[in-house]
Amino acid sequence: MSAPEVQIPAGTLRGRGLPDGCAAFLGVPYAAPPVGALRYAEPQEAAAWDGTRDATAFGPPAPQPERTLAGLDTRSFMGPRWTGEDPQLTLNVWTPAADGPHPVMVWMHGGAFVAGSPAAPCYDGAAFARDGIVLVTVTYRLGAEGFLALDGGVTNAGIRDQLAALQWVQREIAAFGGDTGNVTAFGQSAGAMTLGALLASPVSRGLVHRAALQSGGQNVILSAEQGARVAAAVAGHLGVEPTADAFRAVPIADVIAAQAKVLPGTVDLQTDSDADPAFGMLQLLPVRDGDVVPHDPLAAVSGRAGSDVPLLIGDTTEEGNLYVAGSPDVDLAHAVPLTRSLFRDPIAALADAHRASGAPTFVYEFAWPSGALGGRLGAAHAVELPFVFDTLDAPGLRGDAALLGDAGGPPELAARMHGAWVAFARGGDPGWPADAAEVFA
Numbered sequence: 003m004s005a006p007e008v009q010i011p012a013g014t015l016r017g018r019g020l021p022d023g024c025a026a027f028l029g030v031p032y033a034a035p036p037v038g039a040l041r042y043a044e045p046q047e048a049a050a051w052d053g054t055r056d057a058t059a060f061g062p063p064a065p066q067p068e069r070t071l072a073g074l075d076t077r078s079f080m081g082p083r084w085t086g087e088d089p090q091l092t093l094n095v096w097t098p099a100a101d102g103p104h105p106v107m108v109w110m111h112g113g114a115f116v117a118g119s120p121a122a123p124c125y126d127g128a129a130f131a132r133d134g135i136v137l138v139t140v141t142y143r144l145g146a147e148g149f150l151a152l153d154g155g156v157t158n159a160g161i162r163d164q165l166a167a168l169q170w171v172q173r174e175i176a177a178f179g180g181d182t183g184n185v186t187a188f189g190q191s192a193g194a195m196t197l198g199a200l201l202a203s204p205v206s207r208g209l210v211h212r213a214a215l216q217s218g219g220q221n222v223i224l225s226a227e228q229g230a231r232v233a234a235a236v237a238g239h240l241g242v243e244p245t246a247d248a249f250r251a252v253p254i255a256d257v258i259a260a261q262a263k264v265l266p267g268t269v270d271l272q273t274d275s276d277a278d279p280a281f282g283m284l285q286l287l288p289v290r291d292g293d294v295v296p297h298d299p300l301a302a303v304s305g306r307a308g309s310d311v312p313l314l315i316g317d318t319t320e321e322g323n324l325y326v327a328g329s330p331d332v333d334l335a336h337a338v339p340l341t342r343s344l345f346r347d348p349i350a351a352l353a354d355a356h357r358a359s360g361a362p363t364f365v366y367e368f369a370w371p372s373g374a375l376g377g378r379l380g381a382a383h384a385v386e387l388p389f390v391f392d393t394l395d396a397p398g399l400r401g402d403a404a405l406l407g408d409a410g411g412p413p414e415l416a417a418r419m420h421g422a423w424v425a426f427a428r429g430g431d432p433g434w435p436a437d438a439a440e441v442f443a
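Taking the working numbering, the leading residue of the sequence shown gets 3, the next gets one more, and so forth.
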């Protein structure tokens, strides 16, 4: 069988054939590599290519530090390590076998704004393609390269990358069988939080027709003053001024090393007018710039921003367990305030504001307890991911130190949750009333 090919204005792509006649096109450039003068700058149009471009392998992950989470193997949901490659802004497309137009879903991965990759095994899009969805997953700038507010540079470069990817979808996805008038953006954790900000911003109008936010609201955003403090801290470790020009003169690997020294809680983010939005957990965060991130996203939603976008939103029952379950000497009760303050309360506030604007708003809770880490992981942050993608058999998900534990997850729950996301993308109704919360357990 010949390899699938797609023609777009930049050139021809040769992808990978999948079972059931579906196809995958991986490592597709949606913007120029953010290197040299394009660091800390708006994403620019990708260059065209001659001949046929191989699209059978993922692009590299965004530059990021080595990541660890006590006791837990994160590769299945965080993806491969960064090994020093130059950054690339690429996306990946899975397409159904039948002719379109098909609903489109665009995924923004999580990772605390500093880590993660769409190449993580549990983000494989084959199940979405099997079920008639064109699935797009996106690489975007992270950490200091994506979220540091530097003099002379753009704010929120990582979110601007996401916007560029959504704009690419509007221009190009029809060639893959996608419907440009039916695009659902969905994300988890940091990916959900960036989408929550975009939901409130006029820059996303016409690019997103539905949104699904998993374990993320609009709360983890810095003021300009707070962003300047974080930039000064990273610059101090490098011995340079906190300007885009100064940082462009520093190798990316050195910036990432300096970023890793700015540990959670080491920068005082309490100001006269703003509290620390992440309670000392995170510091390289989006900044309220009045452009891609409104000065008050929740107030914008309360004022009917995004009221034309149906919203699917929820959390896991024990979000905070992810951060303490691998430390046996730490009582899991310490995770409860984190679950509430960083996830549950802000998510509920966004859901209430969106519903009050008259927009269809569907709330869920994921309550299935993973048996990982001797049963301590439970229904933690990120455990729902392979259920949404219907990828329970993806490599690295089983084992006591893996996300789903030794026994793995129940296929019937994955079919139900994945089916709800597919139904929402198709017609805006995941299968339960907007005035009730659905529990997945």
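Every residue, glycine too, gets a C-beta built ideally from N, C-alpha and C.
Taking one beta carbon from each stretch, the segment 130 to 147 and the segment 198 to 213 have fewer than 3 pairs nearer than 8 Å; the two do not touch. A straight line joining the alpha-carbon of Trp170 with that of Ala177 spans about 12 Å. Per DSSP, Ile10 is one residue of the beta strand (DSSP E) stretching across 7 to 10. Non-local beta-carbon contacts of Ala25 in its own chain, meaning distances under 7 Å to residues more than five positions away in sequence, involve Pro6, Gly17, Arg18, Gly19, Thr97 in chain order. Taking 7 Å as the cut-off, the beta carbon of Met80 is found closer than this to the beta carbon of Gly118. Excluding the 5 residues flanking it on each side, Asp408 has same chain C-beta neighbours closer than 7 Å at Gly373, Arg400, Gly401, Asp402, in chain order. Annotation: Asn221 to Pro296 spans about 12 Å, alpha carbon to alpha carbon.
The beta carbon of Val264 lies closer than 8 Å to those of Val232, Ala235, Val236, His239, Gln285, Leu286 in the same chain, with the five residues before and after it left out. Within its own chain, the residues whose Cβ lies closer than 8 Å to the Cβ of Pro432, once the five positions on either side in sequence are excluded, are Leu314, Phe364, Tyr366, Ala422, Trp423, Ala425, Phe426, Glu440, listed in chain order. DSSP places Ala33 inside the beta strand (DSSP E), whose first and last residues are 25 to 33. By the 16-neighbour rule on beta-carbons within 10 angstroms, Ser4 is exposed. Spanning the alpha carbons of Ala146 and Trp370 requires a straight line of approximately 35 Å. In the DSSP secondary-structure assignment, Ala439 is bridged to Val365. Residue state for Asn184 is assigned as strand, using DSSP reduced to three classes. In the DSSP assignment, Asp317 forms a beta bridge with Glu367.
Under the three-state reduction of DSSP, Asn323 is assigned to helix. Counting every other CB atom within 10 Å of its CB across the protein chains shown gives Gly376 a total below 16, marking it as exposed. Burial check for Asp331: the Cβ neighbour count within 10 Å stays below 16, so the residue is exposed.
Thr273 sits exposed, since fewer than 16 C-beta atoms from the chains shown fall within 10 Å of its C-beta. About 12 Å separates the beta carbon of Pro299 from that of Gly218, a gap too long to meet the 8 Å contact definition.
Here Ser275 is exposed: its Cβ has fewer than 16 other Cβ atoms, across all protein chains shown, within 10 Å. Using a Cβ distance threshold of 7 Å, Ala187 and Val257 do not count as a contacting pair. Under the 8 Å Cβ criterion, the segment 150 to 165 does not count as touching the segment 66 to 75, having fewer than three qualifying pairs. Here His336 is exposed: its Cβ has fewer than 16 other Cβ atoms, across all protein chains shown, within 10 Å. In the structure shown, the three-state DSSP call for Arg212 is strand. Selection Pro253, Asp163, Trp434 evaluated against Gln90 yields Asp163 as nearest (Cα-Cα). Between the beta-carbon of Leu224 and that of Pro279 there is about 7 Å, and that keeps the pair under the 8 Å contact cut. Within the segment 87 to 152, the complete alpha helix (DSSP H) runs of at least 4 residues fall at 128 to 132, 145 to 149. As the crow flies, the alpha-carbon of Pro45 is around 38 Å from that of Gly328. About 6 Å separates the Cβ atoms of Gly410 and Leu394, confirming a contact at the 8 Å cut-off.
Non-local C-beta neighbours of Ala355 in its own chain, meaning closer than 8 Å and more than five positions away in sequence, comprise Leu300, Val303, Ser304, ordered along the chain. If the five residues before and after Ala226 are omitted, its C-beta is found closer than 8 Å to the C-beta atoms of Ala151, Val289, Arg290, Asp291, all from its own chain and listed in chain order.
In terms of Cβ geometry, Thr139 and Pro120 form a close pair [threshold 7 Å].
For Thr196, there is no enclosing beta strand (DSSP E); the residue is part of the alpha helix (DSSP H) that begins and ends at 192 to 201.
Comparing alpha-carbon positions, the option among Tyr32, Thr70, Thr341, Ser78 lying closest to Ile10 turns out to be Tyr32. In this structure, Ala194 lies near Leu215, with their beta-carbon atoms less than 7 Å apart.
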